[in-house]
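In the numbering used here, the protein residues as written are 902 to 1273. The C-beta atom is built at its ideal place from N, Cα and C for all residues, glycine as well. On a predicted model such as this, the values are computed, not experimentally measured, just so you know. Notes follow the structure.
If you want it as structure tokens, here you go:
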């Protein structure tokens, strides 16, 4: 299949539009929050609350009238989504059958398999407590010893974390940001409490790796997919896998002007790319009211649009999340947010909310030379 060629402007607008950021916010309220979470593919949570938590900033930038209660309702009451993994990502609950594969693989080898083998009695005791008193959080277990080499936590915390990583338990709800767990069958809707076959799951994640990024470098696909399926993919397998997906019409090869690399996009997104390349706006992307030409948008530090080095190639914009750097080594600030205007990143803002006085402090502001 011959590669489609698009401009850098189209690439920017497509990635932004697929994420609900361009040409403006097209969702609103509780239903809009649900739609946004599905469209984004995976939203990363973070406990830091400098101005707001990262996932709330992600949704505020996309959903008019967003409230954190909408997020909590979608996850912990309606059970439309679940939070999972060391990166604390939010995924649609309909994906749970596929996630059972990486959950199982995480417990089959490596340090977590060693942990389970060495702590069978502990795990059985935690299971028994959950059966009798669940849902339970770490604070519901007292007097536990600490275990070295496994996140440095106390025994019950590590046991709960292991059961969560391997899919035996899920997060029932959160108290503040602390996890409260229960058995999967008590959390997941019955219709989704099953495991897809290994082949079905791997094919699902092969596609999701591209869907998550919107546009993906062909050379990055193997690592992206491997992170989902919890196994390595060598170059030969990756080439054969991608060739098959292109031949089946699942993926389309892409060329971006100014880039010497081959890119990938979902075939279902090709008509949208064509509209954007022609200077149009897909009907499903039309904003409710204002556009990003009317108002700026603050992007969360963990927003997929600007994190993982995407700000550099997509926007020619330097951005680093420096929250874990010593102050003397920071180039910008502790919790710097990129600012989107139109289809470009035009500045950085380092804010802090002083909650005691309800005062928003601006610690720094760094506009680009081309900023209006």
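* **Beta bridge counterpart(s) of residue 1245 as assigned by DSSP** => Bridge pairing for residue 1245: 1242 [DSSP].
* Using alpha carbons as the reference points, say which of 1211, 1182, 1074 and 1151 lies closest to residue 1121. => Of the listed residues, the one whose Cα sits closest to residue 1121 is 1211.
* To do: Go through the stretch 1142 to 1187 residue by residue and report every complete run of the beta strand (DSSP E) that reaches 3 residues or more, in order.
  => The qualifying runs are 1152 to 1157 and 1163 to 1167.
* Asked: Per DSSP, what kind of secondary structure is residue 1010 in: helix, strand or coil?
  -> Correct three-state label for residue 1010: coil.
* Closest residue to residue 955 among 1199, 1215, 1267 and 1262 (Cα-Cα distance) -> Considering only alpha carbons, the answer is 1199.
* Range of the contiguous alpha helix (DSSP H) that encloses residue 984 -> That residue, residue 984, is in no alpha helix (DSSP H); its beta strand (DSSP E) goes 982 to 985.
* For residue 1262, which beta-bridge partners are listed by DSSP? -> DSSP, once it has assigned bridges, lists 1253 as partnering residue 1262.
* To do: Determine the DSSP secondary structure at residue 946, reduced to helix, strand or coil.
  => For residue 946, the three-state secondary structure derived from DSSP is coil.
* Asked: Taking C-beta to C-beta, are residue 1266 and residue 1250 nearer than 7 Å?
  -> A contact, by the Cβ cut-off of 7 Å.
* With which residues is residue 1079 paired in a DSSP beta bridge? -> In the DSSP output, where bridge partners are listed per residue, residue 1079 has 1076.
* From the DSSP output, in three-state form, read off residue 929 for me. => If DSSP states are grouped into helix, strand and coil, residue 929 belongs with the strands.
* To do: Can you tell me which of the three DSSP states residue 1230 falls into?
  => It is helical.
* Taking three-plus beta-carbon pairs below 8 Å as touching, is the stretch 934 to 948 in contact with the stretch 1250 to 1263? -> Three or more beta-carbon pairs separated by less than 8 Å are not found between the stretch 934 to 948 and the stretch 1250 to 1263, which leaves the two stretches without contact.
* Is it true that the CB of residue 988 sits closer than 7 Å to the CB of residue 1021? -> No. Outside cutoff.
* Asked: Looking at C-beta atoms only, is the number of pairs between the stretch 918 to 931 and the stretch 1120 to 1138 that lie closer than 8 Å three or more?
  -> Taking 8 Å as the limit for Cβ pairs, the verdict is that the stretch 1120 to 1138 does not touch the stretch 918 to 931.
* To do: Could you name the residues that DSSP lists as bridge partners for residue 1038?
  => According to DSSP, residue 1038 bridges with 1081.
* Measure the alpha-carbon distance for residue 1034 versus residue 952 and round it to whole angstroms. => Answer to the nearest angstrom: the Cα atoms are 36 Å apart.
* Asked: For residue 1066 and chain C, any beta-carbon pair shorter than 7 Å?
  -> In the structure shown, chain C cannot be found, because there is only a single protein chain.
* To do: State the CB to CB distance for the pair residue 1171 and residue 1184, rounded to an integer number of angstroms; the pair is presumed to be in contact (CB under 8 Å).
  => 16 Å between Cβ atoms; not a contact.
* Asked: In chain order, what residues of the same chain have a beta carbon less than 7 Å from the beta carbon of residue 1150, not counting five sequence neighbours either side?
  -> Apart from the 5 residues on each side of it in sequence, residue 1150 sits with its Cβ closer than 7 Å to the Cβ of 1168 in its chain, given in chain order.
* Under three-state DSSP, which class holds residue 1205? -> In the structure shown, residue 1205 sits in coil (DSSP, three-state: anything other than H, G, I, E or B).
* To do: Report yes if the C-beta distance between residue 957 and residue 969 is below 7 Å; otherwise report no.
  => At the C-beta level, residue 957 and residue 969 come within 7 Å of one another.
* Nonlocal neighbours in the same chain, by C-beta distance under 7 Å from residue 1090, ignoring five residues either side -> Around residue 1090: 980 and 994.
* Asked: Should residue 1136 go down as buried or exposed, given a rule of 16 or more other Cβ atoms within 10 Å for buried?
  -> Around the beta carbon of residue 1136, fewer than 16 other beta carbons sit within 10 angstroms, so the residue counts as exposed.
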